[in-house]
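Each residue of the sequence shown is one higher than the one before, counting from 53 in our numbering. For reference, the structure is listed below as structure tokens.
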Amino acid sequence: MKTPDRRLGFSLLEMILVMVLVGILVAVAGVAMVPIARSFVMSRTNLETGQKAQLALARITRELSAIDTNAFPVIYDAGRSIDVVAIQTNGLSQSFTFSWDGTIGSPLLMNGDILVDNVREFSVANTNLAKSINLFLVLDDAPVVRYSTVIYARNL
Numbered sequence: 053m054k055t056p057d058r059r060l061g062f063s064l065l066e067m068i069l070v071m072v073l074v075g076i077l078v079a080v081a082g083v084a085m086v087p088i089a090r091s092f093v094m095s096r097t098n099l100e101t102g103q104k105a106q107l108a109l110a111r112i113t114r115e116l117s118a119i120d121t122n123a124f125p126v127i128y129d130a131g132r133s134i135d136v137v138a139i140q141t142n143g144l145s146q147s148f149t150f151s152w153d154g155t156i157g158s159p160l161l162m163n164g165d166i167l168v169d170n171v172r173e174f175s176v177a178n179t180n181l182a183k184s185i186n187l188f189l190v191l192d193d194a195p196v197v198r199y200s201t202v203i204y205a206r207n208l
């Protein structure tokens, strides 16, 4: 009768050594993955913030560029609000207001409805010589990036 061979399989010491090596590899890989995950989250946040700012400025640009010759944009509250009253040819008037109360994190409003939230800075400058309006917007969601646009009213 033959005796069984003891060299078949793994010893307890070999199993523990393999588990320790696998644990070290997983820890190194995990540490390497943290900056990748952070950069992904930061780039996604920056992208969403940029899209929100561009959308808000595009909406304001669309509304203000259609001002006709009888509309007079008036800037209030140290450059944080635009109030436009457009008098149409039939005598009726249409008005809209873009405003921010100056508190960091508060929304930018259009006629009382939220246009974009978490605003850090919103400023308006009216240049009468060039018949243009300069808008500046900074959102509080990501690193400080100042978005700006110049609006030339078509009919002024």
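Glycine included, each C-beta is placed from N, C-alpha and C at the ideal position. As the structure is a prediction and not an experimental result, all values here were calculated from the model.
To the nearest angstrom, how far is it from the Cα of residue i to the Cα of residue j?
i	j	result
E100	D153	23 Å
T113	S200	11 Å
L107	S158	17 Å
I166	L191	14 Å
V80	V72	12 Å
V202	F150	15 Å
V86	V197	25 Å
V74	A89	22 Å
L64	I76	19 Å
V70	F62	11 Å
E66	L60	13 Å
Tell me the DSSP secondary structure of residue i in three-state form.
i	result
R132	coil
N186	strand
I112	helix
P87	helix
F62	coil
V70	helix
Have a look at the DSSP bridge pairing and note the partners of residue i.
i	result
E173	V190
F150	I134, M162
T201	L187
N178	I185
V168	L160
Rounded C-beta distance between residue i and residue j? I'm assuming under 8 Å.
i	j	result
F148	E115	6 Å
S175	Y204	Wrong, their Cβ atoms sit about 18 Å apart, outside the cutoff.
With distances taken Cα to Cα, identify the nearest neighbour of residue i among the options.
i	options	result
N170	D135, V176, I185, T97	T97
I134	F188, A84, P87	F188
A194	A89, A105, A177	A105
V136	I68, N163, I156	N163
N186	V70, I156, G131	G131
Does the ligand NAD have even one heavy atom less than 7 Å from the beta-carbon of residue i?
i	result
L65	This structure does not include the ligand NAD; it has no bound ligands of any sort.
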